[in-house]
Structure formats: structure tokens, C-alpha cells
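What follows is a set of notes on a single structure, which appears directly below.
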Amino acid sequence: MSVAALSSPENSPTSAPASRSKKPTVVLVHGAFADASGWNDVIARLAADGYTVYAPPNPLRGLTSDAEYLRTFLSTITGPVVLVGHSYGGAVITNAASGNPNVKALVYVAAYALAEGENVAAANELGGGHSTLLDHIVVRPYPGAPEGDGDVYVNPRSFRNIFAHDLPGSQTTAMAAGQRPATFGALVTPSGPPAWKTIPSWYLRAGDDHLIPPAAQAAMAKRAGAWTRTIRSSHVAMMSHPRTTTKVILRAIHSTD
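The numbering of the sequence shown is my numbering, which starts it at 5 and goes up by one.
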């Protein structure tokens with residue numbers, strides 16, 4: 005069978021029987037220093053409600069290529085999609101959803117809802133916010149990196165405080181050891197035209213976030229015209245507050261009915 009045949013909607017595992025066609029597919033996109041396992045509790049809740057859910061890997065190689073990867077993944081899904089992004093994953097969905105009529109709602113979970121020409125590092129300063137992330141990173145080389153680029157990790161000694169201070173220490177120790185780095189270039193690449201200008205958006209603001217300042221989150225949510233809920237949470241709201249995160253996603257889903 006050809007690659008084209010394998011990737012066609014008819015042969016895609018994302019194709020759903022007609023009886024389920026009324027429910028949108030939920031696609032969850034993780035951010036930097038993490039992987040899709042951070043969505044596990046949310047996936048279980050959505051799946052129990054009968055939703056088809058995917059949490060594809062975010063390559064974390066650069067905003068342009070990461071968005072293109074997700075855009076291609078979305079092209080294999082038929083029917084309506086609700087697209088959810090955490091942290092840097094928000095920047096990816098902001099770019100990947102542009103021009104896709106199947107994406108009916110965007111949900112940002114402590115995430116970057118960037119404006120055109122803005123980058124992740126600059127967005128941290130919105131609303132008078134300030135992030136100390138760059139004071140606590142380790143940069144390592146990777147093969148084929150452009151001049152001056154490298155893989156960015158959160159220093160394991162600072163990981164729990166910055167990323168997930170409301171999770172157990174034993175859990176964050178494992179998360180720090182297994183974190184997936186993003187390239188430094190991904191954090192400073194200007195964003196393209198934002199999908200939130202044409203697609204309704206929802207925002208779960210983490211009010212005790214030590215990575216993306218809550219003030220910056222509020223500014224991005226307001227700018228996007230997003231329905232917003234604020235909770236007292238670290239950066240990983242979908243892990244420390246999976247029930248609330250799921251409720252926000254369901255609110256967005258129900259708006260597409």
C-alpha cells in the first residue's frame with residue numbers, strides 16, 4: 005500500500021463511524037520540557053465521555069516546523085476538531101489551526117496565545133509579567149543545530165519550583181529527568197497569523213504559574229477574546245487539576261454543538 009493510501013482519511017485510524025460523527029475529535033498538544041503523558045488524566049476523562057482523543061508528539065524543533073507537523077496531523081482527521089495546547093503547545097496550535105475549517109475551538113491551558121510577529125520569550129513580558137525561566141536553563145548541543153542554537157532543558161534543581169510545584173516531589177523528579185527539550189530557536193521564532201482571530205478560544209489561566217507569568221496569561225487571553233477561568237495552579241494545570249481542565253475543554257466542545 006502506498007504512503008498516500010495509508011495517510012488518506014479512509015485508511016486513517018482517526019476516521020470515525022457515522023454514529024460518532026457528531027462528537028468532535030479532541031487533539032491535545034503538549035509543550036516544552038514535557039511529553040504527551042501530561043495529558044493522561046484528561047484523556048481518561050474525555051474518553052470516558054465517549055470522545056476520540058489524540059495527544060500527538062510535539063517535535064519541539066522550532067515553531068514553524070512544529071506547527072507544520074501538527075497541521076499535517078490534523079489533515080488526517082475528518083469532522084470537527086477541538087484543539088488544546090499547553091504552554092509552548094499553545095503557540096503551536098495558534099499557528100497550526102490557521103486556515104483549517106475543521107478546527108472549531110481552541111483551548112489554551114496555561115499556554116502561549118501569540119500575536120503575529122511575537123515570540124514565546126517576548127510574550128512572557130506581557131501585562132507587566134516577568135519569567136525567570138531563562139535563569140534556570142541548561143543548553144546542550146544537538147546534531148545539525150544552526151549556529152548559536154541548542155536544546156533547552158530546565159535545570160533539574162529548579163524544575164519542580166518552576167514547572168510543577170503543586171505535584172509530589174517524587175513525580176517531579178521523574179519529570180525533570182525525562183523532560184523533552186525544545187530548541188532555543190523555538191522560543192524566539194516569531195509567530196504567524198494567529199488562529200484565535202477567526203476561531204473561538206477558551207483559556208484556563210494558572211494563577212500560581214512560575215513559568216508563564218499569570219499577568220502575561222491574562223493579557224494573552226484578553227487579547228484573544230477568550231472565555232477565561234483562573235485557578236490556583238502551577239504551570240501544569242492539566243496534571244494538578246485534570247477535572248477542571250476537562251471541564252474547560254468540555255465547555256469549548258459544547259459550544260460547537
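Ideal placement from N, C-alpha and C gives every residue a C-beta, glycine not left out.
Nearest-angstrom Cα separation, counted from residue j out to residue i
i: P61; j: G89; result: 12 Å
i: V85; j: W43; result: 17 Å
i: R161; j: T82; result: 44 Å
i: A127; j: G196; result: 14 Å
i: L269; j: G35; result: A query on residue 269 cannot be resolved here, the shown segment of the chain reaching from 5 to 261 and no further.
i: T177; j: H169; result: 11 Å
i: Q175; j: F167; result: 12 Å
i: V113; j: G148; result: 32 Å
i: S69; j: I97; result: 12 Å
i: H214; j: N104; result: 33 Å
i: E129; j: S135; result: 7 Å
i: N123; j: P246; result: 28 Å
i: I216; j: G229; result: 19 Å
i: L171; j: S244; result: 6 Å
i: R233; j: E151; result: 41 Å
i: R75; j: A125; result: 23 Å
i: G173; j: I253; result: 28 Å
Cβ-Cβ separation, residue j to residue i (assumed contact under 8 Å), whole Å
i: A210; j: P218; result: 7 Å
i: R255; j: W206; result: 6 Å
i: I257; j: T248; result: Incorrect: roughly 15 Å between the Cβ atoms, too far for contact.
i: A100; j: L78; result: 7 Å
i: V46; j: M242; result: 5 Å
i: A51; j: L32; result: That pair is no contact at about 11 Å.
i: T202; j: K108; result: In fact, because the Cβ distance is near 11 Å, the residues do not count as touching under 8 Å.
i: G54; j: K27; result: 6 Å
i: A95; j: R227; result: At roughly 14 Å, the Cβ-Cβ gap does not stay under 8 Å, so A95 and R227 are not in contact.
i: S91; j: Y73; result: Not quite, the Cβ-Cβ distance comes to about 17 Å (not below 8 Å), so this is no contact.
i: P194; j: G121; result: 5 Å
Residue(s) in a DSSP beta bridge with residue i
i: D155; result: R144 and T187
i: I235; result: A210
i: T29; result: V85
i: A109; result: V86
i: A115; result: S91
i: S205; result: L110
i: V57; result: V30
Cut-off 6 Å between Cβ atoms - residues of its own chain near residue i, not counting five sequence neighbours on either side
i: D39; result: R184
i: R49; result: T250
i: V57; result: V30, I47, L50 and A51
i: Q221; result: R209
i: W231; result: W206
Cutoff 7 Å; reference residue i; Cβ partners in own chain excluding five residues on either side
i: D212; result: R236, S237 and S238
i: L140; result: Looking at the sequence itself, residue 140 is His, so the reference to Leu does not match. Taken in chain order, the residues that qualify are V158, N159, S162 and I166.
i: A223; result: L130 and G131
i: G93; result: V33, H34, G35, N62 and A115
Beta-carbon proximity list for residue i, same chain, < 8 Å, skipping 5 on both sides
i: G154; result: V143, R144, P145, Y146, T187 and F188
Distance cut-off 7 Å: residue i Cβ against heavy atoms of the ligand FMN
i: P84; result: No copy of the ligand FMN occurs in the structure displayed, which carries no ligand at all.
Buried/exposed call for residue i, threshold 16 Cβ in 10 Å
i: L110; result: buried
i: A181; result: exposed
i: L138; result: exposed
i: A190; result: buried
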